[in-house]
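Numbering (this note's numbering), first residue to last: 535 to 767. Each residue gets a CB set at the ideal place from its N, CA and C atoms; glycine is no exception. Every value quoted in this text rests on a predicted model; they were computed, and no experiment measured them.
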């Protein structure tokens, strides 16, 4: 539709210019002592239009040249962002495939890229979430390899990022749920229940949270708490 309107406007302008040029017999005289130049009005109009077009093209070219450094910085930032996303996806794929060492290394690579972007003043609007997810993948890999100190270090960094104003509450809730599941795997029922107690009321009543709480209560031998939790499911 836009192309059709553009062509129609161009055709109308051409018709108007042809009618104006055909009926206009006026002349323009320029005095440049000792010279005198006589030109038709049509030629003067064409020269003015040509000069305007050349000036416009020159200004546009100058603006593009001035904008080249910013475009180059933007392109480099996009390349870094793309590389960080690719490493994060690779970490997730490696984790799902059971290749935990590779998953941890890819997640740490994504973290390093995010830190470098922040230091260069190219922080992403969702950078904190990306880094938190990368830390979570690294923690999940460490849990699978029974490297609990590394798991806790990665988890604490993810939890610190999830507490910022530029992340969603669901990110922190998901981290707490994963931590509770890890505690269950380590036969630490009290630790799992403590993590679940940190959840807000709405998140604590979700099916996954209730099932985790039921398993933790059974593991801890708290029959009454397990029965109360089972009623909520």
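Beta carbon of residue i nearer than 8 Å to that of residue j
i           : j           : result
residue 748 : residue 760 : yes
residue 694 : residue 656 : no
residue 687 : residue 638 : no
residue 651 : residue 608 : no
residue 666 : residue 702 : no
residue 563 : residue 570 : yes
residue 628 : residue 636 : yes
residue 710 : residue 733 : yes
Beta-carbon proximity list for residue i, same chain, < 7 Å, skipping 5 on both sides
i           : result
residue 624 : 640
residue 673 : 685, 688, 689 and 692
residue 763 : 744, 747, 748 and 751
Local Cβ density within 10 Å of residue i, reported as buried at 16 or more and exposed below that
i           : result
residue 671 : buried
residue 605 : exposed
residue 758 : exposed
residue 621 : buried
residue 727 : buried
residue 626 : buried
Close-in-space but distant-in-sequence residues of the same chain around residue i (CB under 8 Å, 5 per side omitted)
i           : result
residue 698 : 662
residue 669 : 641, 645, 688, 689, 691, 692 and 695
residue 721 : 753
residue 598 : none
residue 659 : 700
Contacting residues, own chain, Cβ-Cβ under 6 Å from residue i (five flanking each side not counted)
i           : result
residue 723 : 750, 753 and 754
residue 767 : 744
residue 725 : 717
residue 574 : 561
residue 601 : none
When the options are compared against residue i, the one with the closest alpha-carbon
i           : options               : result
residue 632 : 597, 678, 734 and 622 : 678
residue 634 : 681, 579 and 595      : 681
residue 707 : 576, 731, 586 and 580 : 731
residue 729 : 712, 721, 739 and 720 : 712
residue 704 : 596, 591 and 735      : 735
residue 643 : 577, 619 and 602      : 619
Anticipated Cβ contact below 8 Å, residue i with residue j, distance rounded
i           : j           : result
residue 714 : residue 741 : At roughly 14 Å, the Cβ-Cβ gap does not stay under 8 Å, so residue 714 and residue 741 are not in contact.
residue 648 : residue 664 : 6 Å
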